[in-house]
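Counting in this note's numbering, the sequence shown runs from 4 upward without gaps.
Backbone N, C-alpha and C define an ideal beta-carbon position, used for all residues, glycine too.
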Amino acid sequence: KGSIKVPMFHGAKSATLIVGNAKETFKKKDLLYDVQFSNVAAEIRKGQVEGGFVTSENTVDVMEILDECRRQMGVIYPQEKDLSDERLNGAKVTAISHVGFNVKDLEESIRFYCDILGCKEKFTLTYGDMAEDIKRESASLGKDAPFYANILGKNPDRKWSVYVQLPGCQSFIELFDQMGVKKRKAATNMDMGFTHFSLEVNDIYAYRDRIILNGGRKYIDTDIKLGLDNTLQMWMRDPDDNLFEIMEYTEKSYQVVGR
């Protein structure tokens, strides 16, 4: 009968309920996760072993839905490789890390990631590609394309998004050439200059040595250390001061797939 819109759900401060032409917005300092954490803490203090808001039965129900989605999609995770391939159509999926940055000089950033980090440029999307995709999507919905499709279309050959891949692994870095982007003083995990910012490698020590041999020591912000989640972590900054993490899972890492 309606919809609920929540901008940046993981850090939201408002939600809008929309029913027909009627809209109602609810605002709170900490709208979502803060409430969840507070409820769980209160229940633990009371000695409860099961949540009153979300029961164990609810959790199992949701997981069964997700398992059915994966079955229909043909997705199987690495730790499930011994399960019947027939059940999941023989599909294999490995964890893929992805990071996306806005940059001021796209070609300079491509050189940094390829020459210093040893990445390979995999494929490029242009402003023309974006314009055609927007127009095609609008047409499929029976709507006129928004005004910015024509603006993008005026620069059809200009690179908009370039994907580069780290050597020997599944991790990608996506570099955006955004018109008018301003350089920030510092990147944080709430900065809209990037999406995810962790990149997985197989041997972080060997990778760091390779970066240093390529002249990249000055880009290392924090050297390798063991994180609280038992992953090995090294933080770097690119020429646009974007902060990102190079990480390697260990046998004790609590999150081995699906980051």
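Kindly identify the DSSP beta-bridge partner or partners of residue i.
i	result
residue 238	225, 248
residue 113	Paired residues: none, contrary to the question.
residue 158	In the DSSP output, where bridge partners are listed per residue, residue 158 has none listed.
residue 280	Outside the shown range of the chain, which is 4 to 262, sits residue 280, and nothing can be said about it.
residue 18	29
residue 58	Answer by DSSP bridge pairing: none, since residue 58 is not bridged.
residue 129	162
residue 102	176
residue 279	Past the edges of the chain, shown from 4 to 262, lies residue 279, and the structure says nothing about it.
residue 7	20
State the CB to CB distance for the pair residue i and residue j, rounded to an integer number of angstroms; the pair is presumed to be in contact (CB under 8 Å).
i	j	result
residue 32	residue 16	7 Å
residue 112	residue 243	7 Å
residue 234	residue 253	6 Å
residue 109	residue 180	4 Å
Going by C-alpha distance, which of the options is nearest residue i?
i	options	result
residue 175	14, 122, 132	122
residue 5	20, 142, 41	20
residue 36	106, 73, 11	11
residue 28	45, 7, 79	7
residue 120	146, 105, 140, 171	171
residue 222	30, 67, 118	118
I need the straight-line Cα distance from residue i to residue j, nearest angstrom please.
i	j	result
residue 255	residue 205	15 Å
residue 54	residue 43	7 Å
residue 177	residue 50	46 Å
residue 102	residue 238	13 Å
residue 136	residue 230	41 Å
residue 3	residue 166	Absent from the model: residue 3. The displayed extent of the chain is 4 to 262, so no value can be given.
residue 190	residue 245	With a pLDDT of 43 at residue 190, under the threshold of 50, the modelled position of this residue cannot be trusted, and the question is left open.
residue 48	residue 143	53 Å
residue 73	residue 218	43 Å
residue 52	residue 9	31 Å
residue 114	residue 45	52 Å
residue 151	residue 132	13 Å
residue 57	residue 40	13 Å
residue 116	residue 70	37 Å
residue 146	residue 209	52 Å
residue 141	residue 157	18 Å
residue 236	residue 168	19 Å
residue 24	residue 30	20 Å
residue 14	residue 201	19 Å
residue 227	residue 22	51 Å
residue 220	residue 66	44 Å
residue 138	residue 207	43 Å
residue 148	residue 155	12 Å
residue 124	residue 104	15 Å
residue 68	residue 77	14 Å
residue 61	residue 79	23 Å
residue 1	residue 107	The requested residue 1 does not occur in the structure, where the chain is confined to residues 4 to 262.
residue 203	residue 75	28 Å
residue 153	residue 134	7 Å
Using 7 Å as the limit for Cβ to Cβ distance, is residue i near chain C?
i	result
residue 174	The structure shown contains no chain C, having only a single protein chain.
Legend entry - Validate contact between the stretch 114–132 and the stretch 161–176 using beta carbons, cut 8 Å, 3 pairs: yes
Legend entry - Segment contact, 8 Å Cβ cut-off, at least three pairs: the stretch 236–249 with the stretch 200–216: yes
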